[in-house]
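Enquirer: Questions regarding the structure given below will be posed in turn.
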Ligand SMILES: CC(C)CC(=O)SCCNC(=O)CCNC(=O)[C@H](O)C(C)(C)COP(=O)(O)OP(=O)(O)OC[C@H]1O[C@@H](n2cnc3c(N)ncnc32)[C@H](O)[C@@H]1OP(=O)(O)O
Ligand SMILES: O=C(O)CCC(=O)C(=O)O
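In this note's numbering, the protein residues as written are 21 to 325.
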């Protein structure tokens, strides 16, 4: 991390701690604020009562730890995200703090800047066009069902899963996102994952182990894969092999919301195309004290809701 990046992060953090927030709010007030436990103490621990989710949808998330909402993000927005991603890949814009990842098989090679060499951009909080995703009312409306109000965007990614270079390195091993996060509580965190095109097993869709959000955070390490593993792509060491994997086939604009303890990963991209998804992770910080405590241990940029 270079010095500019470090000092920019530090400034952001200090601004938050001072309560002088630079970024406009992305909060979307709950229509019926209240704690999830207030309404159905036995039944609902993971969702909030706010008239957005049907009873069936709430029960599904509670039981499975994920929920797919069809056709949530418009084609026009997805096209704008694509355009901006391409500009970043061509190095026409260089948002502050952005991490650009390349697949491990080409990480050390010479390259011409293009979307063919970028497997992921991460932490695009300073790129207004990509960060717009985190502020879309249709996304926030659902995020709030899992986090409650006072939402913060914590981590952002646009994944451009490359066609596999023959080493199966395009796979993302099964893991729990909470492994990467130093803040809590886990039930106040949700990931939004939006398909930017049709995604199925051929181009490496998301695979989830339903219900695993009810278990603890498990130890992770690197998988022993012959072809190599992308940096930080840790796998869960052990999980119940009897727990059937569900492959989420999704259309452009469909969005899956999932709990940070849900075990998930994605398969090899066997197609010739670059499979794109837009992701962000959000969390609720329930009160000022918890917000400050979490901010002090959190490495990612945070926007306050
Ligand atoms: C919930 C969510 C968080 C789940 C996930 O997404 S898991 C994946 C999270 N990924 C990350 O956190 C990436 C963290 N970022 C980084 O490690 C770095 O910033 C990089 C993206 C690698 C870029 O590092 P940077 O120093 O700016 O650039 P360099 O090109 O000089 O790379 C530094 C050393 O890393 C190597 N590298 C780059 N890309 C990969 C790769 N895909 N897999 C394995 N190694 C890689 C690169 O070859 C270089 O190695 P050395 O020359 O130092 O030996
Ligand atoms: O979209 C993918 O390939 C998987 C992404 C993922 O599991 C993650 O970044 O946590």
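Note that the Cβ used here is the ideal one computed from N, Cα and C, for glycine as well. Given the structure is predicted, the values throughout are model-derived calculations rather than measurements.
Is any non-hydrogen atom of ligand 2 found closer than 7 Å to the C-beta of residue 291, if you look at the structure I gave you?
Expert: no
Enquirer: Mind checking residue 252: buried by the 16 CB within 10 Å criterion, or exposed?
Expert: exposed
Enquirer: State buried or exposed for residue 258, treating a residue as buried only when at least 16 other CB atoms are found within 10 Å of its CB.
Expert: exposed
Enquirer: Look up residue 251 in the DSSP assignment and say whether it is helix, strand or coil.
Expert: coil
Enquirer: What are the partner residues of residue 213, as DSSP defines its beta bridges?
Expert: 276, 299
Enquirer: Just grab the DSSP bridge partners of residue 241 for me.
Expert: Residue 241 pairs with 255.
Enquirer: Do residue 139 and residue 123 count as a contact pair if the criterion is CB distance below 8 Å?
Expert: In contact: residue 123 and residue 139 (Cβ atoms closer than 8 Å).
Enquirer: With the cut-off set at 8 Å, would you say residue 225 and residue 278 are in Cβ contact?
Expert: no
Enquirer: If we ignore side chains and look at the alpha-carbon of each, how far apart do residue 153 and residue 170 end up?
Expert: 17 Å
Enquirer: Candidates 109, 167, 115: which alpha carbon is nearest residue 70's?
Expert: 167
Enquirer: Would the C-beta of residue 128 count as close to ligand 1, meaning under 7 Å from any of its heavy atoms?
Expert: For ligand 1, a non-hydrogen atom lies closer than 7 Å to the CB of residue 128.
Enquirer: Can you find at least 3 beta carbon pairs, one from the region 264-271 and one from the region 173-183, that sit closer than 8 Å?
Expert: no
Enquirer: Name, in chain order, the residues that DSSP records as bridge partners for residue 89.
Expert: 275
Enquirer: Secondary structure at residue 264, three-state DSSP: helix, strand or coil?
Expert: coil
Enquirer: Report back the beta-carbon spacing between residue 247 and residue 181 to the nearest angstrom; my notes put them in contact at under 8 Å.
Expert: That pair is no contact at about 15 Å.
Enquirer: Quick check on residue 176: does DSSP put it in helix, strand or coil?
Expert: Here DSSP, grouped into helix, strand and coil, assigns residue 176 to strand.
Enquirer: Specify, as a first and last residue, the run of the alpha helix (DSSP H) that residue 157 falls within.
Expert: 157-167
Enquirer: What does a CB cutoff of less than 6 Å around residue 74 pick up in its chain, not counting 5 residues either side in sequence?
Expert: none
Enquirer: One question on the structure: do residue 283 and residue 145 come within less than 8 Å of each other, judged by their Cβ atoms?
Expert: no
Enquirer: Could you please give me the residues that DSSP links to residue 284 through a beta bridge?
Expert: The secondary-structure analysis by DSSP pairs residue 284 across a beta bridge with 195, 228.
Enquirer: Between residue 125 and residue 232, what straight-line distance do the alpha-carbon atoms span, to the nearest angstrom?
Expert: 31 Å
Enquirer: Rounded to a whole number of angstroms, what is the C-alpha to C-alpha distance between residue 191 and residue 173?
Expert: Approximately 26 Å, taken between the alpha carbons.
Enquirer: Is any non-hydrogen atom of ligand 2 found closer than 7 Å to the C-beta of residue 197, if you look at the structure I gave you?
Expert: yes
Enquirer: Leaving out the 5 sequence neighbours to the left and right, which residues in its chain are closer than 8 Å to residue 100 when beta-carbon positions are compared?
Expert: Spatial neighbours of residue 100 in its own chain (CB-CB distance under 8 Å, excluding positions within 5 residues in sequence) are listed in chain order as 149, 152.
Enquirer: Taking the alpha-carbon positions, what's the residue 98 to residue 301 distance?
Expert: Answer to the nearest angstrom: the Cα atoms are 18 Å apart.
Enquirer: Let me know if residue 83 comes out buried or exposed under the rule of 16 or more other beta-carbons within 10 Å of its beta-carbon.
Expert: exposed
Enquirer: Verify whether the separation of the beta carbon atoms of residue 219 and residue 107 is less than 8 Å.
Expert: no
Enquirer: According to DSSP, simplified to helix, strand and coil, what is residue 75?
Expert: helix
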